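Everything in the sequence shown is counted per my numbering, starting at 47 for the first residue and increasing by one. All remarks here apply to the structure that follows.
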Amino acid sequence: MKVFDLICDAGHRFEGWFASAEQYASQREALAVHCPLCESSEVRREPSAPRLNLGSEETASATGTTPQAALGGDNSSMVAAVFERLRRMVAETEDVGARFAEEARRIHYDETPARAIRGIASAQEQRALHDEGIETIRLPIPRALTETLQ
């Protein structure tokens, strides 16, 4: 497995793991390589020292190598902390998808047991919830935080 340092057009740094340089090039041409923060497919490879990943996930965890470490810059520890909190929030909430406004109302009006939920709501739905006294927060969560990374 080859590990490449990548950067998107918005300046987000991250790692990409590929079987070969040819596989990276093929996926990049097919616009299949996306930034985990903004999902941009405008990605380029950064110069880096060659590195092969020959260990398992446990090895990476034991050595402290995490995907967030590849974000680089002076704020990498802050970014890592934000990612960890978002991951925890995703793990501790129920994804109700497009039914978010409906479920938030049901919880607010005691029609269903109270629980932490997340989902999708339009700006209009969010305003209507606010007008009914139901407070929400809009968080743009990168898709990579809600899926298993491969």
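Glycine included, every Cβ here is placed at the ideal spot set by N, Cα and C. From a predicted model like this one, the values you see are computed outputs, not experimental measurements.
*Just to confirm, are leucine 132 and arginine 91 a CB contact at a threshold of 9 Å?*
no
*Whose C-alpha, out of Glu149, Pro159, Ile153 and Tyr155, is nearest the C-alpha of isoleucine 166?*
Glu149
*Between threonine 182 and the rest of its own chain, which residues show a CB-CB distance below 6 Å, the 5 nearest in sequence each way excluded?*
Gln172 and Leu175
*Find out if the Cβ-Cβ distance for the pair histidine 80, serine 87 is shorter than 9 Å.*
yes
*With a cut-off of 8 Å on the beta carbons, I'd call alanine 162 and glutamate 140 a contact; round off their distance for me.*
7 Å
*Cβ-based neighbour list, threonine 109, same chain, cut-off 7 Å, excluding 5 preceding and 5 following*: For threonine 109, the predicted model reports a pLDDT of 45, less than 50, meaning its position is unreliable and no value from the coordinates is stated.
*Under 8 Å by Cβ, that's how I've got lysine 48 and alanine 67 pegged, so tell me the actual separation to the nearest angstrom.*
7 Å
_C-alpha distance - alanine 62 paired with glutamine 69, whole-angstrom precision_ = It is worth fixing the name first, because residue 62 is glycine in this sequence and not alanine. Near 11 Å, if we compare the C-alpha coordinates of glutamine 69 and glycine 62.
*Locate the beta strand (DSSP E) running through aspartate 177, then write down its first and last residues.*
Run containing aspartate 177: none in the beta strand (DSSP E); it sits in the alpha helix (DSSP H), 169–177.
*Residue range of the beta strand (DSSP E) that glutamate 140 falls in?*
140–143
*On a CA-only basis, which of Pro186, Arg152, Ala76 and Thr158 is nearest phenylalanine 129? Give me that one, please.*
Pro186
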